[in-house]
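Q: Residue numbers (this note's numbering): 141 to 519.
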């Protein structure tokens, strides 16, 4: 896809780029991570793509699906304040209500914005891989489901069940994911992705007062300036008028801001140092705008104390899928499987999803399976 035409700043779109360069003693200078201050108050997505690509040193590109859906003319409302690449990606994808994914190849800085379930593929390579997964007629479907986001176009996968040999046509990330999946199924050593709360937001005690605007295009930059961090509005919210009670903003603090906005009917969460605003109280895993397949990890949790048979294991899986982050399990690459041979749960989810599944299993362990699942359904 052709790179967007460079964008030249206009009064309605203020962009200021700060790039720090640090040098090593006796060696060449190296460019540090680019931080960007940039405001798009209702600017079209195509112009914002061009501006961020030219000024940020991190090319953005709209996916074919967004182009065909006419997203180039969608209005973008965001304000970046000294934002590193992770914050830029999160803010822009949130403002377009889509996902971001790293373009294959190159230096890993190119970012594709997309709503497709598949990740972009690099050069395909044909490889065969042996495994000990023999005699299970369902295992190929399991692997295909977990590898689905990398099985687009000419990519493919086939198992010879008699000897456990896999023939795969995948790009390099796809082959790496296949190796990860097979290792988890063959030798399921317990593991879970570590999850930590977002540490990139503003000081919770930071005082805020008097922020105002005639609409979200004015209000978002003013709020970003007061917070000292980036702000991004979901397009459905940006099209609505400001609700009562937030303009002017009463005396509050950065830590209390999400509750203040919730009282006004606006969902607000800090994600990667960006205050993401939306009209619906969506779950945190859906506010995160990195493509689900790209941020997915494989967690393995022994549950032999809870399940000693496939029937018991599948009962627990069904209960957890219905009660623990139910929105996640429909995402590309997501999965929750019971491995009967080792009485283990395979959790294909990001770190937050895995943490919530682990917390739910702890409740089942404490209360018993039936009572624990009932308690998960309670408010």
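Glycine is no exception: its CB is placed at the ideal position from the N, C-alpha and C atoms.
#1: Less than 8 Å between the beta carbons of residue 258 and residue 416, yes or no?
#2: Any idea what DSSP makes of residue 223, helix, strand or coil?
#3: For the putative contact between residue 475 and residue 486, defined by C-beta atoms under 8 Å, what is the C-beta separation to the nearest angstrom?
#4: Among residues of its own chain, excluding the 5 on either side of residue 292, which ones have a beta-carbon nearer than 7 Å to its beta-carbon?
#5: Do you know whose CA, among 515, 460 and 433, lies nearest residue 489's CA?
#6: Should residue 263 be labelled buried (16 or more other beta-carbon atoms within 10 Å of its own) or exposed?
#7: Give the straight-line distance between the Cα atoms of residue 362 and residue 298, rounded to the nearest whole angstrom.
#8: How close, in whole Å, do the beta carbons of residue 182 and residue 212 come, if the pair is a contact with beta carbons under 8 Å?
#9: For residue 308, which beta-bridge partners are listed by DSSP?
#10: Using the Cβ count rule (16 or more neighbours within 10 Å means buried), how would you classify residue 444?
#11: Where does residue 332 fall in DSSP's three states?
#12: Please classify residue 238: does DSSP put it in a helix, a strand, or coil?
#13: Using beta-carbon positions only, say whether residue 467 and residue 516 come within less than 8 Å of one another.
#14: Measuring only the C-alpha atoms, how far is residue 393 from residue 383?
#15: In three-state terms, what does DSSP make of residue 404?
#16: Would you kindly work out how many angstroms separate the C-alpha atoms of residue 502 and residue 265, rounded to a whole number?
#17: May I ask you to report which of helix, strand or coil DSSP gives residue 183?
#18: Is it the case that the Cβ atoms of residue 174 and residue 180 are separated by a distance below 8 Å?
#19: Going straight from the alpha carbon of residue 268 to that of residue 315, what length do you get?
A: With the given structure in hand:
#1: no
#2: strand
#3: 7 Å
#4: 258 and 261
#5: 433
#6: exposed
#7: 55 Å
#8: That pair is no contact at about 14 Å.
#9: 267 and 297
#10: exposed
#11: coil
#12: coil
#13: no
#14: 19 Å
#15: coil
#16: 42 Å
#17: strand
#18: no
#19: 10 Å
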